[in-house]
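Student:
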Amino acid sequence: MEVVPDLEPRLARFRQVHMPFDASGLTVREQKMVAKLVDACRYLDDIYWRQVDPDGLQLYQSLEGKTSKQDVNLRRYLWINGSRFDLLDGQRPFVGATPMPLGRGFYPQGLTRDQIEQYVKLHPEKRAELYSPTSVVRWHGSDLDGLPYHIAYRSFLEPAARDLREAADLSPDKAFANFLRLRSDALLSDDYFKSDIAWMQLKDPKVDIIFAPYETYADTLLGVKASYGGSILIRNQAQSAKLDTFRKYVADIQDSLPLPAPDRPSKHGLETPMEVMDAPFRTGDLGHGYQAVADNLPNDPRIHEQQGSKKLFFKNFMDARVNYVILPLARYMMPTHQANMVSGEGYLLGTIMHEICHGLGPAFAHNASGEKVDIRAAIGPIFGGLEEAKADVVGMFSLKWLVDHGVLAKEKLNEYYASYIAGNFRTLRFGAFEAHGQAEMMEFNYYVEQGVVRRGASGKYSVDFEKMPDVIAGLAKELLTMEATGDRAKAEAWFKKYDVIPPELQKSLDRAKELPVDIDPLVTFPRKVE
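Taking the working numbering, the leading residue of the sequence shown gets 2, the next gets one more, and so forth.
#1: If I measure Cβ to Cβ from residue 71 and keep anything under 8 Å in the same chain, skipping five residues before and after, which residues do I get?
#2: Between which two residues does the alpha helix (DSSP H) harbouring residue 344 extend?
#3: Going by beta carbon distance, what residues of the same chain come within less than 6 Å of residue 22, once the five residues before and after it are set aside?
#4: Kindly indicate which three-state DSSP category residue 293 falls into: helix, strand or coil?
#5: Can you check which of these residues, 365, 382, 381, 380, is closest to residue 374 by C-alpha distance?
#6: Jot down the residue ranges of each uninterrupted beta strand (DSSP E) in the region 69–145, minimum 3 residues, whole runs only, in chain order.
#7: Hey, could you find the ends of the alpha helix (DSSP H) residue 380 is sitting in?
#8: Between the region 177–187 and the region 262–269, can you find at least three pairs of beta-carbon atoms closer than 8 Å?
#9: Please report the Cβ distance between residue 25 and residue 53, rounded to the nearest whole angstrom; I am assuming they are in contact, meaning their Cβ atoms lie under 8 Å.
#10: If you check the beta carbons only, do residue 61 and residue 79 fall under 8 Å apart?
#11: Does the pairing of the region 284–291 with the region 226–236 give three or more beta-carbon distances under 8 Å?
#12: Am I right that residue 258 and residue 362 are in contact with their C-beta atoms under 8 Å? What's the rounded C-beta distance?
#13: Here's the rule: buried if 16 or more other CB atoms are within 10 angstroms of the residue's CB, otherwise exposed. What is residue 152?
#14: Which residues in the same chain have their Cβ closer than 7 Å to the Cβ of residue 121, if we skip the five residues on either side of it in sequence?
#15: Quick check for students: name the residue ranges of the alpha helix (DSSP H) that lie wholly in the region 351–430, counting only runs of 4 or more.
#16: Would you please state the rounded distance, in angstroms, between the beta carbons of residue 517 and residue 139? I believe it to be under 8 Å.
#17: Leaving out the 5 sequence neighbours to the left and right, which residues in its chain are closer than 8 Å to residue 318 when beta-carbon positions are compared?
#18: Measure the C-alpha to C-alpha separation of residue 254 and residue 354 and round it to an integer number of angstroms.
#19: According to DSSP, is residue 216 part of a helix, a strand, or is it coil?
#20: Quick one: grab the DSSP three-state call for residue 338.
#21: Less than 8 Å separating the beta-carbons of residue 461 and residue 334?
#22: Among 216, 76, 228, which residue has its Cα nearest to the Cα of residue 50?
#23: I'd like to know whether the C-beta atoms of residue 492 and residue 383 end up nearer to each other than 8 Å.
#24: For residue 283, does the three-state DSSP call read helix, strand or coil?
#25: Measuring alpha carbon to alpha carbon, tell me which of 408, 423, 385, 187 ends up nearest residue 337.
#26: Opposite residue 349 in the DSSP bridges: which residues?
#27: With DSSP run on the structure shown, which of helix, strand or coil describes residue 2?
#28: Which residue from 76, 431, 56, 55 puts its Cα closest to that of residue 65?
#29: Could you give the distance in angstroms between the alpha-carbon of residue 431 and the alpha-carbon of residue 170?
#30: Just to check my reading of the structure: residue 207 and residue 245 have Cβ atoms closer than 8 Å, yes? What is that Cβ distance to the nearest angstrom?
#31: Which residues does DSSP list as the beta-bridge partners of residue 502?
#32: Using three-state DSSP, classify residue 22 as helix, strand or coil.
#33: I'd like to confirm the pairing. Which residues does DSSP put opposite residue 210 in its beta bridges?
#34: Taking the CB atoms as reference points, tell me whether residue 510 and residue 429 lie closer together than 8 Å.
#35: Pull up the CB-CB distance for residue 394 and residue 476, whole angstroms please, since I reckon it's below 8 Å.
#36: Only counting the same chain, and skipping five residues up and downstream in sequence, which positions put a Cβ closer than 7 Å to that of residue 433?
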């Protein structure tokens, strides 16, 4: 078993941070409910590994109980990445020599996008099942079949559903209990619509949970297959109350976007739940790799049209990212007077608007015939990068709107821009191989091209605050238009042009190589995967 020789330095890029479970605000019954939810979440990890790297799971399990330094380090790095493929090294293997399959475990090994598209042309009746976000594609003789998740992963979903029902019986919150029962049913049918509606309608839940196959970032073949993820959430009441300021302006911001009216459906009258939560336990695509500090869910465009979307901000993860990664990095990458402008508040507001703006813009693309088509399917594998970039850039466009309308102080705007670019530097260290990295590499190169971010003789980058608003507005229009038109060719060409790390940027980033790139959360509840 060949392991990269620099495994220890790779591990050092992840700062271990304790994420304790504070049960002081929960009753004994609520604590029992949380324990049952943790049990349910563990089954999602079992599925996730099988979706993204089943061979990596076998290796991870084989290392349990091993005591040599290399084995202990390898097991930890497998856990951090959730696979044998290094997120910080272009998804190249750090153990063995097998390259990452584009289709992960969602598709037969060796199957190409062209083969699928050609097969669907010959068998159009198969399109829905093969492109379903909740099916695994398998050969059946010479035919391709889409096997529904609830059948493929039944041995894990049935006990997970049982745990959700038992947690519902312990919940003092009737609406949350109803959601858990509906989500339990959804696991066994792959129809999440009804339970997503119930989740959207929860009112200020004390305990909440993300529990579904939502994100499609792991599918780099078609970009449509959803991986399972779970997170326990405990409400931060004081911080959640502050979000009401932003909630009431969401519809007006949507109306202000640089898009034709038909491509920005009205958000007036739609719910925009926003919660600040602590996340004491995560699994699946939330537990491995890139450690999200916020989320905007669900992703179903039908929910967006009828209900809106829920914005979740993970306070304990955000605090760790700002304190251990962003603030130290800003001092390496920006001149002192601008690095000193970077703030936790600025980063938080940028993140809030990022998540709000995932739910803004077009709900569907329109093809040449004017028909509605799913944006993910229209754009293809680069959709993840495009959508993350849209949320970033439209988020900053929206902060300017809030300043212009007197909601936020004008003198704070430059602080927000400085914090945004500092956050960019953090993500750029992941490279342009993960959706967030693709997005922010593109943004950074675009800003350099437009002259609003400049590298000085010292190797540090400064921001031209005066020009920033117009350049952001122009980029927002480009990205929103790509989504509204479903223009795959333009999106792919755009990212091909801008998703290259310039040598001078790499040189500047290398000076900060001793700083952590991200956190490795240490949680109260034991980690295990079957």
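C-beta: ideal position from N, C-alpha, C; glycine also.
Tutor: Taking the definition as stated:
#1: Stepping through the sequence shown from its first residue, residue 71 is reached at position 70. Excluding residues within five positions, the ones whose Cβ falls inside 8 Å are 4, 8.
#2: Within the sequence shown, residue 344 is the residue found at index 343, counting from 1. From DSSP, residue 344 is part of no alpha helix (DSSP H); its letter is neither H nor E.
#3: Within the sequence shown, the letter at position 21 stands for residue 22. So the qualifying residues of the chain are 281, 525.
#4: The sequence position of residue 293 within the sequence shown is 292, counting from 1. In the displayed model, residue 293 falls within coil according to three-state DSSP, outside both helix and strand.
#5: As a working note, residue 374 is residue 373 in the sequence shown. The option with the nearest alpha carbon to residue 374 is 365.
#6: Counting only runs of 3 or more, we get 136–141.
#7: Looking up residue 380 in the sequence shown gives position 379. That run of the alpha helix (DSSP H) goes 376–380.
#8: Counting Cβ pairs under 8 Å, fewer than three are found: no touch.
#9: For the purposes of this step, residue 25 is identified with residue 24 of the sequence shown, where counting begins at 1. For the purposes of this step, residue 53 is identified with residue 52 of the sequence shown, where counting begins at 1. Not really, about 36 Å apart at Cβ, beyond 8 Å.
#10: Here residue 61 refers to the residue found at position 60 when the sequence shown is read from its first residue. Here residue 79 refers to the residue found at position 78 when the sequence shown is read from its first residue. Yes, the pair counts as a contact, with Cβ atoms nearer than the cut-off.
#11: Contact between the region 284–291 and the region 226–236 is present, because at least three Cβ pairs lie under 8 Å.
#12: Position 257 of the sequence shown, counted from the start, is the residue given in the question as residue 258. Position 361 of the sequence shown, counted from the start, is the residue given in the question as residue 362. Right, the Cβ-Cβ distance comes to about 6 Å (below 8 Å), so this counts as a contact.
#13: If you number the sequence shown from 1, residue 152 lands on position 151. Residue 152 is exposed by the Cβ-count criterion.
#14: By one-based count along the sequence shown, residue 121 stands at place 120. For residue 121, where only same-chain residues beyond five positions count, the Cβ hits under 7 Å are 127, 128, 131.
#15: Scanning the region 351–430 for uninterrupted alpha helix (DSSP H) segments of 4 residues or longer gives 376–380, 384–405, 414–429, listed from N- to C-terminal end.
#16: Within the sequence shown, the letter at position 516 stands for residue 517. Within the sequence shown, the letter at position 138 stands for residue 139. Under the criterion of beta carbons closer than 8 Å, residue 517 and residue 139 do not qualify as touching, at roughly 40 Å.
#17: The sequence position of residue 318 within the sequence shown is 317, counting from 1. So the list reads 20, 280, 292, 293, 294, 520, 522, once near-sequence residues are dropped.
#18: Taking the first residue of the sequence shown as 1, we reach residue 254 at position 253. Taking the first residue of the sequence shown as 1, we reach residue 354 at position 353. Rounded to whole angstroms, the separation of the alpha carbons of residue 354 and residue 254 is 10 Å.
#19: For the purposes of this step, residue 216 is taken as the residue at position 215 of the sequence shown. In the structure shown, the three-state DSSP call for residue 216 is strand.
#20: Working through the sequence shown from its first residue, we reach residue 338 at position 337. It is helical.
#21: Walking along the sequence shown from the start, residue 461 turns up at place 460. Walking along the sequence shown from the start, residue 334 turns up at place 333. Cβ atoms of residue 461 and residue 334: closer than 8 Å.
#22: Indexing the sequence shown from 1 puts residue 50 at position 49. Selected option, being the one with the closest Cα: 228.
#23: Residue numbering aside, residue 492 sits at position 491 when the sequence shown is read from its first letter. Residue numbering aside, residue 383 sits at position 382 when the sequence shown is read from its first letter. Yes, Cβ-Cβ distance for residue 492 and residue 383 is below 8 Å.
#24: As a first step, residue 283 is located in the sequence shown; it is residue number 282 there, counting from the start. Look at residue 283 here: in three-state DSSP terms it is strand.
#25: What you label residue 337 is simply residue 336 of the sequence shown in a count that begins at 1. Nearest option by C-alpha distance: 423.
#26: Looking up residue 349 in the sequence shown gives position 348. DSSP output for residue 349 lists no bridge partner at all.
#27: Residue mapping note: residue 2 aligns to position 1 of the sequence shown, counting from 1. The answer is coil: DSSP assigns residue 2 none of H, G, I, E or B.
#28: Your numbering for residue 65 matches position 64 in the sequence shown. Nearest of 76, 431, 56, 55 to residue 65, Cα basis: 76.
#29: Locating residue 431 in the sequence shown gives position 430, counting from the first residue. Locating residue 170 in the sequence shown gives position 169, counting from the first residue. Those two C-alpha atoms are separated by around 42 Å.
#30: For the purposes of this step, residue 207 is taken as the residue at position 206 of the sequence shown. For the purposes of this step, residue 245 is taken as the residue at position 244 of the sequence shown. Going by Cβ atoms, the distance from residue 207 to residue 245 rounds to 18 Å, so no, they are not a contact pair.
#31: Against the sequence shown, residue 502 aligns to sequence position 501. Paired residue(s): none; residue 502 is not in a bridge.
#32: Translated into the one-based positions of the sequence shown, residue 22 becomes position 21. Taken through DSSP and simplified to helix, strand or coil, residue 22 comes out as coil.
#33: As a first step, residue 210 must be located in the sequence shown, where it is residue number 209. DSSP lists 233 as the beta-bridge partner residues of residue 210.
#34: On the sequence shown, residue 510 is found 509 positions in, with the first residue counted as 1. On the sequence shown, residue 429 is found 428 positions in, with the first residue counted as 1. A contact, by the Cβ cut-off of 8 Å.
#35: Numbered from 1 along the sequence shown, position 393 holds the residue referred to as residue 394. Numbered from 1 along the sequence shown, position 475 holds the residue referred to as residue 476. Contact holds; Cβ gap of about 5 Å.
#36: For the purposes of this step, residue 433 is taken as residue 432 along the sequence shown, with counting starting at 1. Cβ within range, chain order: 439, 442, 500, 502.
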